[in-house]
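Colleague:
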Amino acid sequence: MTDLLTKTEPAPVSAGEDDVRQYLSEIRRYPRLTPEQERELAKRCAEADEEAIRQMVNSNLRLVVSVAKEYAGRGIPLLDLIQEGSIGLLVAAKKFDYTKEFRFSTYATKWIRQGITRYLLNHYQLIRVPVHTAERIRKVAMMRAAMLQKNGEEPSQEELAEACGLSVSKLKQLIQLHPEICSLDAPVGDDDTVGTFLEDVQAPQPYETLVREELNQTMELLLKMLNPRQQEVLRLHFGMTDGVCYSLEEIGKRLGVSKERARQIECQAMDKLQKMGASMGLEDYLE
């Protein structure tokens, strides 16, 4: 399992504590990299040097274990989580841009988390549509329901798109492909409905918790790239401050600026996140 370039199959689901201890013992033989060693290896990885990629992966397997432990206790063997995270680490080693200012571990952590959380989401099989589609349907449907409850009327597509951080064209495309977004009683997958995602917000299901954790961790990482005012605008608009998604007009009043100025700040922030996120391989989270 340790040699990831030749063994990429997940560990057996029956693997127990002895197997975990053996694996941890195995990876200790790989030395940690100094910043200089990491940069030199990263240069070679960028040239598709398989030996360099192997060294980069093996030297960061402790990071995979550390992240995988955060997701333990969800009914999945730890070695399975480690294996899926290791595959994400391998992707990171191949995609990492050593010319950027951040360390490889920062970049790799996101790929490791993505590998683990997507594996868990697919394993639970609580929804039977693709993970990306399910996440978007859930986000739009829950925002629509929240706006309907708050305002007492159906939000326009423009209002819903703005609240979800989507363009109107993307929202229309999503609705066209998945009209269930507009009906809480319409089916999602084989058995569930959009309404099932909203029935008990006080007791989130495992997949909801995973998606929320991953999105929150990603957003916190990305927000650190912004100045304080840009951070505040996005936190308020996307409900990251007190759970309320404020309109740009409300945000402008809180900051003492016009609605248009608040929109400009948000656009500047999103533009910066798009550019920085693309360089870190996080485009999926910024769509």
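The sequence shown lines up with residues 376 to 662 when you count with our numbering. All C-beta atoms in this analysis are idealised placements derived from N, C-alpha and C, irrespective of residue type, glycine included.
(1) Around the Cβ of A417, are there at least 16 other Cβ atoms within 10 angstroms (buried) or fewer (exposed)?
(2) Going by C-alpha distance, which of E528, D394, K628, V543 is nearest D455?
(3) What distance in whole Å lies between the Cβ atoms of L601 and A644, which are believed to be in contact at a cut-off of 8 Å?
(4) So, are the CB atoms of L464 and V442 less than 7 Å apart?
(5) Flag this pair as yes or no: are the beta carbons of Y621 and L611 separated by less than 7 Å?
(6) The alpha helix (DSSP H) with V442 in it runs from where to where?
(7) Considering only the beta carbon of each residue, do M518 and A538 sit closer than 7 Å?
(8) W486 to L541, Cα distance in whole Å?
(9) Starting from L541, trace the alpha helix (DSSP H) in both directions and tell me its first and last residue.
(10) Express the C-alpha separation of Q606 and G460 in angstroms, rounding to a whole number.
(11) Could you compute how far the alpha carbon of E445 sits from the alpha carbon of E624?
(12) How is the alpha helix (DSSP H) around K418 delimited, first residue to last?
(13) Let me know the secondary structure DSSP gives E528 once reduced to three states.
(14) Helix, strand or coil for E625? Go by DSSP, reduced to three states.
(15) Among the candidates A421, A483, E401, whose CA atom is the shortest distance from the CA of V439?
(16) Work out the CA separation of K469 and Q532 for me, nearest whole Å.
(17) Does D646 pass the burial test, meaning 16 or more other C-beta atoms within 10 Å, or should it be called exposed?
(18) Quick one, which of I402, D472, K599 has its alpha-carbon nearest A420's?
(19) Taking the alpha helix (DSSP H) that V619 falls in, what are its first and last residues?
(20) When you compare only the Cα positions, how much space is there between Q489 and P452?
(21) Could you compute how far the alpha carbon of S544 sits from the alpha carbon of P530?
Modeller: Reading off the structure:
(1) Taking the first residue of the sequence shown as position 1, residue 417 is located at position 42. If you draw a 10 Å sphere on the C-beta of A417, you find 16 or more other C-beta atoms in it, and that means buried.
(2) Walking along the sequence shown from the start, residue 455 turns up at place 80. Measuring from the Cα of D455, the nearest candidate turns out to be D394.
(3) The residue labelled residue 644 in the question sits at position 269 within the sequence shown. The residue labelled residue 601 in the question sits at position 226 within the sequence shown. About 5 Å; that satisfies the 8 Å criterion.
(4) For the purposes of this step, residue 464 is taken as residue 89 along the sequence shown, with counting starting at 1. For the purposes of this step, residue 442 is taken as residue 67 along the sequence shown, with counting starting at 1. Contact flag unset, no.
(5) As a position in the sequence shown, residue 621 is number 246, starting the count at 1. As a position in the sequence shown, residue 611 is number 236, starting the count at 1. Yes, these two residues count as a Cβ contact at 7 Å.
(6) Position 67 of the sequence shown, counting from 1, holds the residue named residue 442. Element bounds for V442: 436-445.
(7) Residue numbering aside, residue 518 sits at position 143 when the sequence shown is read from its first letter. Residue numbering aside, residue 538 sits at position 163 when the sequence shown is read from its first letter. Cβ distance < 7 Å, so M518 and A538 count as in contact.
(8) Along the sequence shown, read from residue 1 onward, the residue named residue 486 stands at position 111. Along the sequence shown, read from residue 1 onward, the residue named residue 541 stands at position 166. Answer to the nearest angstrom: the Cα atoms are 23 Å apart.
(9) As a working mapping, residue 541 is identified with position 166 in the sequence shown. Looking at the DSSP string, L541 is not in any alpha helix (DSSP H), and its letter there is neither H nor E.
(10) Residue mapping note: residue 460 aligns to position 85 of the sequence shown, counting from 1. Residue mapping note: residue 606 aligns to position 231 of the sequence shown, counting from 1. Computed Cα separation, rounded: 30 Å.
(11) In the sequence shown, the residue the question calls residue 445 occupies position 70. In the sequence shown, the residue the question calls residue 624 occupies position 249. If you take the alpha carbons of E445 and E624, they lie about 39 Å apart.
(12) By one-based count along the sequence shown, residue 418 stands at place 43. Start and end: 410-421.
(13) Within the sequence shown, the letter at position 153 stands for residue 528. Coil.
(14) Along the sequence shown, one-based indexing puts residue 625 at 250. In this structure, E625 counts as helix in the three-state DSSP scheme.
(15) Here residue 439 refers to the residue found at position 64 of the sequence shown. Out of A421, A483, E401, A483 has the C-alpha closest to the C-alpha of V439.
(16) The residue given as residue 532 occupies position 157 in the sequence shown. The residue given as residue 469 occupies position 94 in the sequence shown. Cα-Cα distance, rounded: 40 Å.
(17) One-based indexing of the sequence shown puts residue 646 at position 271. Exposed, since its Cβ has fewer than 16 Cβ neighbours within 10 Å.
(18) Counted from its first residue, the sequence shown places residue 420 at position 45. A small correction: the amino acid at residue 420 is Cys; Ala does not occupy that position in the sequence shown. When each option's Cα is compared against that of C420, the closest is D472.
(19) In the sequence shown, counting from the first residue as 1, residue 619 sits at position 244. Note, V619: premise wrong, no alpha helix (DSSP H); not H, not E.
(20) Here residue 489 refers to the residue found at position 114 when the sequence shown is read from its first residue. Here residue 452 refers to the residue found at position 77 when the sequence shown is read from its first residue. Cα-Cα distance, rounded: 17 Å.
(21) Mapped onto the sequence shown, residue 544 falls at position 169. Mapped onto the sequence shown, residue 530 falls at position 155. So the alpha carbons of these two residues sit roughly 16 Å apart.
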